[in-house]
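Top line first, the protein sequences correspond to chains Z and G. To convert, count from 1 in the first sequence and add 7; that's our numbering. To convert, count from 1 in the second sequence and add 132; that's our numbering. No residue lacks a Cβ here, since even glycine has one placed at the ideal position from N, Cα and C. Below is one structure, written out as structure tokens; comments come after it.
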Amino acid sequence: MAERSPTAAPGGPFSSVESTTGSEASAAREASSISLKGIRKEYPGGVVALESVDLNIRAGEFFTLLGPSGCGKTTLLRMLAGLDEPSAGTLSIGGVDVTDTPPHKRSVNTVFQSYALFPHLSVRDNIAFGLKMRGMARAEREQKVVEIAEFIKLGSLIDRRVDQLSGGQRQRIALARALICEPDVLLLDEPLSALDAGLRSQLQVELLRTQKRLGMTFVFVTHDQEEAMVMSDRIAVLNDGIIQQIGSPQEVYERPANLFVARFMGHDNLFPISAREGMTVKTPIGTLETEDKNEGRVALIRPETLELTAPGAPSVEPGKQLNMLMCRVVERFYRGSNVEYRLSHQHGEQHSELIAEISNTGDRLFRVGDEVKVEIYPEDVIMLSDDEEGA
Amino acid sequence: MHNTSFKKGLAIFWWLTLVFLYAPLLVVMVFSFNAINTSARWGGFSLRWYERLFNNDVVIGAIGHTLLLAVISSIIAVILGAMIGYGLYKHRARKLGLLIILIYLPIVMPDIVFGIADMAFFVQINRLTGLLSPGLSTMVIAHVTFQIPFVALIVYSRFVGLDATLFDAAKDLYASPWQRVAHFILPTIKPALLSAFFLSFTLSVDDFVISFFTAGPESATLPIYIWGAIRRGISPEINAIATLMIASVALVAVLSLLFNRRRA
Numbered sequence: 008m009a010e011r012s013p014t015a016a017p018g019g020p021f022s023s024v025e026s027t028t029g030s031e032a033s034a035a036r037e038a039s040s041i042s043l044k045g046i047r048k049e050y051p052g053g054v055v056a057l058e059s060v061d062l063n064i065r066a067g068e069f070f071t072l073l074g075p076s077g078c079g080k081t082t083l084l085r086m087l088a089g090l091d092e093p094s095a096g097t098l099s100i101g102g103v104d105v106t107d108t109p110p111h112k113r114s115v116n117t118v119f120q121s122y123a124l125f126p127h128l129s130v131r132d133n134i135a136f137g138l139k140m141r142g143m144a145r146a147e148r149e150q151k152v153v154e155i156a157e158f159i160k161l162g163s164l165i166d167r168r169v170d171q172l173s174g175g176q177r178q179r180i181a182l183a184r185a186l187i188c189e190p191d192v193l194l195l196d197e198p199l200s201a202l203d204a205g206l207r208s209q210l211q212v213e214l215l216r217t218q219k220r221l222g223m224t225f226v227f228v229t230h231d232q233e234e235a236m237v238m239s240d241r242i243a244v245l246n247d248g249i250i251q252q253i254g255s256p257q258e259v260y261e262r263p264a265n266l267f268v269a270r271f272m273g274h275d276n277l278f279p280i281s282a283r284e285g286m287t288v289k290t291p292i293g294t295l296e297t298e299d300k301n302e303g304r305v306a307l308i309r310p311e312t313l314e315l316t317a318p319g320a321p322s323v324e325p326g327k328q329l330n331m332l333m334c335r336v337v338e339r340f341y342r343g344s345n346v347e348y349r350l351s352h353q354h355g356e357q358h359s360e361l362i363a364e365i366s367n368t369g370d371r372l373f374r375v376g377d378e379v380k381v382e383i384y385p386e387d388v389i390m391l392s393d394d395e396e397g398a
Numbered sequence: 133m134h135n136t137s138f139k140k141g142l143a144i145f146w147w148l149t150l151v152f153l154y155a156p157l158l159v160v161m162v163f164s165f166n167a168i169n170t171s172a173r174w175g176g177f178s179l180r181w182y183e184r185l186f187n188n189d190v191v192i193g194a195i196g197h198t199l200l201l202a203v204i205s206s207i208i209a210v211i212l213g214a215m216i217g218y219g220l221y222k223h224r225a226r227k228l229g230l231l232i233i234l235i236y237l238p239i240v241m242p243d244i245v246f247g248i249a250d251m252a253f254f255v256q257i258n259r260l261t262g263l264l265s266p267g268l269s270t271m272v273i274a275h276v277t278f279q280i281p282f283v284a285l286i287v288y289s290r291f292v293g294l295d296a297t298l299f300d301a302a303k304d305l306y307a308s309p310w311q312r313v314a315h316f317i318l319p320t321i322k323p324a325l326l327s328a329f330f331l332s333f334t335l336s337v338d339d340f341v342i343s344f345f346t347a348g349p350e351s352a353t354l355p356i357y358i359w360g361a362i363r364r365g366i367s368p369e370i371n372a373i374a375t376l377m378i379a380s381v382a383l384v385a386v387l388s389l390l391f392n393r394r395r396a
């Protein structure tokens, strides 16, 4: 059993923070890995929430389950917490099989989407709840609460009533309440989704720093691909109860495994491939050179990889064979740091639309109606399988 | 113009409702202090009926039976009703239509039907086993049966109003099943339990019909005493009892409201 002794060594991870650097603090605790084998969840009535999931989460990793609502990511998280039981498969945390361990005996804590602070308890008692349930003496509990309040910088929040807290404050109390138990794994179920954008990005940074400082294994659930990329060491993209891709944010964003992942990561410029010959593919915008050796049914050209120049200008890289096509600017969206152009392209009878995202470095902007030369590096033409299950 | 006359009409209804609700109570209360033995005219202020009341051992006994019955039955009803309320909540996803109808039944069933049925039932049990002869025990059982649905519904609605994730949070924070009861469920529904207790209490004190059919010779409650006394004519003494009951029920109702409000 992965249960941890309620009386941790004196000077736990939170008390040491004041006097030591983050690396020493993280060295003090041993993070736990997670291993899921053939995890399946089928609800009565035949609804399959998870289809045979295999997943290994490394110790000390910030791991994100990303996907649209109903993809199974929350079910997976609840299984890690022990709040849902798998219909098949095994789950181990820190090398110990916990498939049949009830939630109150797992050294795993959760920050819930609704925060789930107990309305009948003060903020202090909410934070100390887990320690009290594990039988820690009052004096020691209170000491721990002071330490965690310092660590999360709760300040005077600690003396407020739960119903006096704003969303962001509740979120931090919920985090403190989970972290104080020093779990092997911390689970976070869309903990920032109820907050407004500014607070959200601030808490993203705080959460990330907290995780790095503690070196604790975090499993984070979100439907927001940008949040997933900012926070995670690795991301698992889920759809229909199946893992579509596992990889670093860069891998998932730049090399999506299939059409679903590409769409979910917010990519435009997806063109079906009608034929392939060696390293050239036939698409509605013409024949394109690629360096991608993978078979694919769809070509992805990320909007920020397009190079735009005036029609007569020299190539952006004269020594290299680039894909080149002429387009017309249909719409322009000025976003400050970058500019998005919607381009139309005519290839024979075939009319297509492309999107280009150009970082705004102070060069002259194109206007609606301008003709532009679009150049695309062969390595930026990426092959995708449209079989969403073929990850 | 039309609007104001409509509002005036509504105001008249409102005042009429209040008058018919409270004027009779006021009459009873006023005449309980009447110096002469009639409810027909006022003969000056006096406490003599209250004095006589408190010297009447039968009345004191009836008050005692009423309170004892109300307290015991309410405690039992709150315990059992809370468990049903929790069960209804816990299994709300299942199709519990029939169970809910079963629980609602005592609320809609005429008291007289229940009273007669209870009496016949207890008489049969008594005849066959010698147990449950009419008295406090039969009255407690009968009262608990009609109090339970109210308790169950109050507790159920308290649970429904909770964030369901709180149950998960308690499990997640290492609370064993019994710790969840002691440190989460009971403290959370405490206001609902208190208001359910007070409601059960007033229902019990208020009940005449079911008590009448299930009481024994030694366990007459206040309503039963009043009914017996009234057959000899309405005396100012009855007015005094009624006034005391009005006061105590009002007190309990206010307490119940206060507890219920505090839970928010």
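What residue from Z:N116, Z:R184 and Z:G248 has the CA that sits closest to Z:G77's CA?
-> Here the closest residue by C-alpha is Z:G248.
What in chain Z is Cβ-close to G:Y306, meaning under 8 angstroms?
-> Result: H111, K112, G137, M140, R141 and C188.
Find out if the Cβ-Cβ distance for the pair G:I236, G:F291 is shorter than 8 angstroms.
-> The sequence given here has Tyr at residue 236 of chain G, not Ile. Their beta carbons are not under 8 angstroms apart, which means G:Y236 does not touch G:F291 by this criterion.
At a CB-CB cut-off below 9 angstroms, which residues of chain Z make contact with G:K227?
-> Within 9 angstroms Cβ-Cβ: nothing; G:K227 doesn't reach chain Z, min ~13 angstroms.
What are the residues of the stretch 115-137 of chain Z that lie near chain G, defined by any Cβ-Cβ distance shorter than 9 angstroms?
-> Residues passing the 9 angstroms Cβ filter: V115, N116, T117, F119, Q120, S121, Y122, A123, L124, F125, P126, H127, L128, F136 and G137.
Label G:V160 either buried or exposed according to how many other C-beta atoms from any shown protein chain fall within 10 Å of its C-beta, with 16 as the threshold for buried.
-> Around the CB of G:V160, 16 or more other CB atoms lie within 10 Å, so the residue is classed as buried.
With 8 angstroms as the threshold, decide whether the Cβ of G:L231 is near any Cβ in chain Z.
-> For G:L231, the answer is no, since every Cβ of chain Z falls outside 8 angstroms of its Cβ.
What does G:F316 reach in chain Z if we use C-beta pairs closer than 7 angstroms?
-> Contacts between G:F316 and chain Z, judged by CB atoms closer than 7 angstroms, involve F125 in chain order.
How is Z:H111 classed by DSSP in three states: helix, strand or coil?
-> In this structure, Z:H111 counts as helix in the three-state DSSP scheme.
Would a check of beta-carbon distances place Z:L172 closer than 8 angstroms to chain G?
-> Not one chain G Cβ lies under 8 angstroms of Z:L172.
What is the DSSP secondary structure of Z:I137, counted as helix, strand or coil?
-> Sequence inspection shows Gly at residue 137 of chain Z; the Ile mentioned does not correspond to that position. DSSP places Z:G137 in the helix class (H, G or I) of the three-state scheme.
Since Z:A243 contacts Z:L72 with CB under 8 angstroms, what's their CB separation in whole angstroms?
-> Indeed, because the Cβ distance is near 5 angstroms, the residues count as touching under 8 angstroms.
Grab me the residues of Z:E382's own chain with a C-beta within less than 6 angstroms of its C-beta, minus the 5 sequence neighbours each way, in chain order.
-> Answer for Z:E382: E314, V323, L329 and M331, listed in chain order.
Residue environment, Z:E396, which counts as buried when at least 16 other CB atoms sit within 10 Å | With a pLDDT of only 46 at Z:E396, under the threshold of 50, the placement of this residue in the model should not be trusted; the figure read from the coordinates follows. Label assigned to Z:E396: exposed.
To which residues does DSSP link Z:L73 through a beta bridge?
-> For Z:L73, which the question treats as bridged, DSSP gives the partners Z:T229 and Z:V244.
Secondary structure at Z:K80, three-state DSSP: helix, strand or coil?
-> Reduced to three states, the DSSP call for Z:K80 is helix.
Pair within 8 angstroms by beta-carbon distance, G:V283 and G:V210 | Contact flag set, yes.
Tell me whether the beta-carbon of Z:A402 lies closer than 8 angstroms to the beta-carbon of Z:T82.
-> Summary: the structure shown does not reach residue 402 of chain Z, with chain Z confined to residues 8 through 398, and so no result is reported for it.
From Z:A88, Z:V237 and Z:R270, residue whose alpha carbon lies closest to that of Z:Q252 = Taking only the C-alpha atoms, the option nearest Z:Q252 is Z:R270.
DSSP-derived helix/strand/coil call for Z:H127 = Reduced to three states, the DSSP call for Z:H127 is coil.
Where do the N-terminal and C-terminal ends of the beta strand (DSSP E) with Z:M333 fall, by residue?
-> Z:M333 -> beta strand (DSSP E) spans N330 to Y341.
Nearest to Z:Y341 by alpha carbon, out of Z:A317, Z:P325 and Z:R371?
-> Z:R371 is the residue among Z:A317, Z:P325 and Z:R371 whose C-alpha sits nearest the C-alpha of Z:Y341.
Which residues DSSP lists as bridging Z:T117, in chain order = Beta-bridge pairing links Z:T117 to Z:L194.
Cα-Cα, which of Z:A282, Z:N301, Z:K300 and Z:E302 is closest to Z:T294?
-> Nearest C-alpha to Z:T294 among Z:A282, Z:N301, Z:K300 and Z:E302: Z:A282.
Bridge partner(s) assigned by DSSP for Z:G254 | For Z:G254, which the question treats as bridged, DSSP gives the partners Z:I242.
Which residues share a DSSP beta bridge with Z:H354?
-> Z:Q357.
State yes or no: is the beta carbon of G:P238 nearer than 8 angstroms to at least one beta carbon in chain Z?
-> G:P238 does not count as touching chain Z.
Measure the alpha-carbon distance for Z:P51 versus Z:S94 and round it to whole angstroms.
-> The alpha-carbon atoms of Z:P51 and Z:S94 are separated by roughly 10 angstroms.
Label G:M241 either buried or exposed according to how many other C-beta atoms from any shown protein chain fall within 10 Å of its C-beta, with 16 as the threshold for buried.
-> G:M241 is exposed by the Cβ-count criterion.
List the residues of chain Z that G:D295 touches, going by C-beta distances under 7 angstroms, in chain order.
-> The contacting residues are S121 and A123.
Spatial neighbours of Z:E302 within its chain, please: CB distance less than 7 angstroms, with the 5 preceding and 5 following residues excluded, ordered by chain position.
-> Excluding the 5 residues flanking it on each side, Z:E302 has same chain C-beta neighbours closer than 7 angstroms at M390, in chain order.
Within-8 angstroms CB hit, G:K303 to chain Z = Yes, G:K303 lies at the interface with chain Z (some Cβ there is under 8 angstroms from its Cβ).
Write down the C-beta distance between Z:F119 and Z:D196 rounded to the nearest angstrom, noting that I regard them as a contact closer than 8 angstroms.
-> A Cβ-Cβ distance of about 6 angstroms is found for the pair Z:F119 and Z:D196, placing them in contact under the 8 angstroms criterion.
Tell me where the alpha helix (DSSP H) around G:L326 begins and ends.
-> Where G:L326 is concerned, the enclosing alpha helix (DSSP H) stretches over L318 to D338.
Select from G:I317, G:V381, G:F345 and G:A352 the residue whose C-alpha is nearest the C-alpha of G:M215.
-> Comparing alpha-carbon positions, the option among G:I317, G:V381, G:F345 and G:A352 lying closest to G:M215 turns out to be G:I317.
Can you list the residues of chain Z that G:L298 reaches, using a CB-CB cut of under 7 angstroms?
-> Residues of chain Z passing the Cβ test: A123 and F125.
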